[in-house]
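S.K.: Input: one structure, supplied below.
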Amino acid sequence: MRTALVGARIDLAAIVAEVTSPDNGALSLFMGTVRNVNDERSVDGIEYNAYAPMAEREMAQIAREAGDRFGTEHVVIEHRTGFLALGEASVAIAVGHPRRANAMDATRWIVEQLKQRVPIWKLEHYTDGTREWVQHGRGTSSTSSAAAGAVIPESDRASAGVRDA
Amino acid sequence: MRTALVGARIDLAAIVAEVTSPDNGALSLFMGTVRNVNDERSVDGIEYNAYAPMAEREMAQIAREAGDRFGTEHVVIEHRTGFLALGEASVAIAVGHPRRANAMDATRWIVEQLKQRVPIWKLEHYTDGTREWVQHGRGTSSTSSAAAGAVIPESDRASAGVRDA
Amino acid sequence: MITLDVLLFASYADAAGARSVRVSVPDGARVSDVVRAVHTAAPSIALPARPLVAVNHRYALADTAVAASDEVALIPPVAGG
Amino acid sequence: MITLDVLLFASYADAAGARSVRVSVPDGARVSDVVRAVHTAAPSIALPARPLVAVNHRYALADTAVAASDEVALIPPVAGG
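Protein chains in written order, with my numbering: chain H, 58 to 222; chain W, 58 to 222; chain U, 1384 to 1464; chain C, 1384 to 1464.
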């Protein structure tokens, strides 16, 4: 089990080797890659910015939770930071498991948790020269925030009300 | 879109490159690997045997159906034949898609279809020197056969009744 | 009559001790007739009640007609992946 | 009173023109007090009604107590992956 924020290109072969074991019958992988279009705007690349110590803590926590929930020690999560060109992998998740359904379920659970809990932000660079911080769900900040709050474990949840805001 | 039966080790990096595109935001991969235990028996390796021309036809058909169903051209399926040692990959499925849920759904759909439709069999070699053809589901032949028949497209289904058998 | 070498795989081939079994069926025979002929010619194969059969690399129905030029195969329960 | 440099990221940091904002809150202050103080000190940040806040790298509750030694951060809606 290993998680990391990385500054250089994700080495998929190394990650696959890490979760490969004769105990496993299945290996599931997911990679997020930089797409040339988002919300109908033409994208040049994305700058990934993380609150590094907290992002690392959350990623490690997600890997541990996935291991407990789906029953495997063979979990690797890597997330890149810095500027990524089109087609480059921003995140890689690998899960080895004796059973294929569990491997795939764990992978999907991890990617959803990661998108909801890990403090990483992306600044999209558009081909017209503009840049914008991506807001998932395209809702207002307050909607996005509430949605995130709803999935963070009760013991670990923020809800700092600003009554006069 | 490419499918193949292969005699040598599956080259994951090459497959990943094939389904990588700036149009995609997600890349989902699945690999089946040879496990050291099956039904509580200790396994040494597995010999994969295919009805090659039909297996190739079915794999190509599954890739096309997945492409139509999930909306992507970025599908690769490779299945190995011959003797595989523990930990080696028997099958690799890769799907690139603009959206992560579709990439993962397509991957899962393909692996399930492949296991139900593609004429490939495995002869497990056990550490005690014995060998046995694996029957998925551990049911009787007739149960397995009925289960397979139920998922093959109506237009493509076998149901050759042997009334006097 | 037409003569066919029906292809066998995996446990079926092992049970028959051969990669194919030759059968003769009447002109106009269907897949079900071929299966019955295989059952008679190679009774050592533990065929299920409704075995999967492929004609020219496609799964076939019991009443699919079979010609001498067809490649017919009995498909044991598949186990790939 | 305790003084804290509250960490800012992404759109919050851009809006404030800084990676952190210094605020003073009374001894015994809670996360909600810190958020109010940031709102006053840096009104240009478009804070949602209930912004996510981390204390020492963990998501914190509105009534979590804050000490001078804590690392406090305002977390904009996350967008990793």
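We put the CB at the ideal spot given by N, CA and C, even for glycine.
#1: Can you check which of these residues, Ala149(W), Thr187(W), Ile119(W), is closest to Ser85(W) by C-alpha distance?
#2: Is there a Cβ from chain H that is less than 8 Å from the Cβ of Thr38(W)?
#3: Checking the sheet assignment: what are the DSSP bridge partners for Ala142(W)?
#4: Give the straight-line distance between the Cα atoms of Arg137(W) and Ala146(W), rounded to the nearest whole angstrom.
#5: Between the region 90-101 of chain W and the region 154-165 of chain W, are three or more C-beta pairs nearer than 8 Å?
#6: Phe87(H) by DSSP, collapsed to three states: which one?
#7: What does DSSP give as the partner residue(s) for Tyr108(H) in the beta ladder?
#8: List the residues of chain W that Val1461(U) touches, going by C-beta distances under 8 Å, in chain order.
#9: Quick one, which of His182(W), Tyr105(W), Leu69(W), Met58(W) has its alpha-carbon nearest Val175(W)'s?
#10: Between Asp162(H) and the rest of its own chain, which residues show a CB-CB distance below 8 Å, the 5 nearest in sequence each way excluded?
#11: Name the chain C residues whose beta carbon is nearer than 7 Å to that of Pro110(H)?
#12: Between the region 138-149 of chain W and chain H, which residues of the former have a C-beta closer than 8 Å to a C-beta of the latter?
#13: Should Gly1464(C) be flagged as near chain H, meaning a C-beta pair shorter than 8 Å?
#14: Please list, in chain order, the chain W residues whose beta carbon lies closer than 7 Å to that of Asn93(H).
#15: Spatial neighbours of Ala1450(C) within its chain, please: C-beta separation below 8 Å, excluding the five flanking residues on both sides.
#16: Are Ala61(W) and Glu169(W) touching if we call contact CB-CB under 8 Å?
#17: Can you pull the chain C residues whose beta carbon is under 7 Å from the beta carbon of Gly64(H), in chain order?
#18: Do the region 106-118 of chain H and the region 1436-1446 of chain C touch if we need at least three Cβ pairs shorter than 8 Å?
#19: Under a CB-based cut-off of 8 Å, is Ser198(W) close to chain U?
#20: DSSP three-state call for Asp185(H): helix, strand or coil?
#21: If the cut is a Cβ gap below 8 Å, which residues of chain U does Trp282(W) touch?
#22: Report yes or no: is there a C-beta of chain C within less than 8 Å of the C-beta of Arg114(H)?
#23: Nearest-angstrom Cα distance between Met88(H) and Gln173(H)?
#24: Please report how far the alpha carbon of Gln192(W) lies from the alpha carbon of Ala1462(U), in whole angstroms.
#25: For Leu171(H), does the three-state DSSP call read helix, strand or coil?
#26: Taking only beta-carbon atoms, is His136(W) less than 8 Å away from chain U?
#27: Provide the residue span of the beta strand (DSSP E) that contains Val1436(U), from first to last.
#28: By the criterion of Cβ-Cβ separation under 9 Å, what are the contact partners of Ala1456(U) in chain W?
#29: Are there 16 or more other CB atoms within 10 angstroms of the CB of Val1389(U), so buried, or fewer, so exposed?
#30: Within 10 angstroms of the Cβ of Ala74(H), are there 16 or more other Cβ atoms? Answer buried if so, exposed if not.
#31: How many Å lie between Leu69(W) and Ala70(H) at the Cα?
#32: Is Ser147(H) near the ligand FMN, judged by its Cβ being under 7 Å from some heavy atom?
#33: Would you report the Cα separation of Arg195(H) and Tyr183(H), rounded to the nearest angstrom?
#34: Is Ile1385(C) helix, strand or coil by DSSP?
#35: At what residues does the alpha helix (DSSP H) containing Glu75(H) begin and finish?
#36: Can you give me the C-alpha to C-alpha distance between Val1404(C) and Ser1394(C), rounded to a whole angstrom?
M.R.: If we stick to the structure as given:
#1: If you compare the alpha carbons of Ala149(W), Thr187(W), Ile119(W) with that of Ser85(W), the shortest gap goes to Ala149(W).
#2: Because chain W is modelled from 58 through 222, residue 38(W) falls outside the range shown and cannot be assessed.
#3: Answer is Gly102(W).
#4: Within the model, the alpha-carbon separation for Arg137(W) versus Ala146(W) is close to 8 Å.
#5: Because the criterion of three Cβ pairs below 8 Å is not met, the region 90-101 of chain W and the region 154-165 of chain W do not touch.
#6: In the three-state reduction of the DSSP assignment, Phe87(H) falls in the strand class.
#7: In the DSSP assignment, Tyr108(H) forms no beta bridge with any residue.
#8: Among the residues of chain W, those whose CB is under 8 Å from the CB of Val1461(U) are Lys172, Gln173, Arg174, Val175, Pro176, Ile177, Trp178, His193, Ala205, following chain order.
#9: When each option's Cα is compared against that of Val175(W), the closest is Tyr105(W).
#10: Phe127.
#11: Near Pro110(H) (Cβ distances below 7 Å), the residues of chain C are His1440.
#12: Listed by position, the residues of the region 138-149 of chain W near chain H (Cβ gap below 8 Å) are Leu143, Gly144, Ala146.
#13: Under the Cβ criterion of 8 Å, Gly1464(C) is counted among the residues facing chain H.
#14: Neighbours of Asn93(H) on chain W, chain order: Pro79, Asp80.
#15: Taken in chain order, the residues that qualify are Ile1385.
#16: No.
#17: Chain C residues near Gly64(H): none, gap ~15 Å exceeds 7 Å.
#18: In short, these stretches touch, since the Cβ pair count reaches three.
#19: Residue placement at Ser198(W) is flagged as unreliable, the pLDDT there being 36, under the threshold of 50; a coordinate-derived value is accordingly withheld.
#20: DSSP, reduced to helix, strand and coil, places Asp185(H) outside both helices and strands of the structure shown, so it counts as coil.
#21: Past the edges of chain W, shown from 58 to 222, lies residue 282(W), and the structure says nothing about it.
#22: Residue-level contact by beta carbon holds for Arg114(H) and chain C, with a gap shorter than 8 Å.
#23: Met88(H) and Gln173(H) have their alpha carbons spaced roughly 16 Å apart.
#24: Ala1462(U) has its alpha-carbon roughly 6 Å from the corresponding atom of Gln192(W).
#25: In the structure shown, Leu171(H) sits in a helix (DSSP, three-state: H, G or I).
#26: Residue contact check for His136(W) against chain U: a CB pair falls below 8 Å.
#27: Run containing Val1436(U): 1435-1438, per the beta strand (DSSP E) assignment.
#28: Within chain W, the residues near Ala1456(U) are Tyr108, Met111, Pro176.
#29: Burial call: buried.
#30: Answer is exposed; the Cβ neighbour count stays below 16.
#31: Cα to Cα, the separation comes out at about 8 Å.
#32: This structure simply doesn't include the ligand FMN, nor any ligand for that matter.
#33: Unreliable placement is indicated for Arg195(H), whose pLDDT of 43 sits below 50; no coordinate value is reported for it.
#34: In the three-state reduction of the DSSP assignment, Ile1385(C) falls in the strand class.
#35: Glu75(H): member of the alpha helix (DSSP H) spanning 69-76, first to last residue.
#36: Whole-angstrom Cα-Cα distance: 14 Å.
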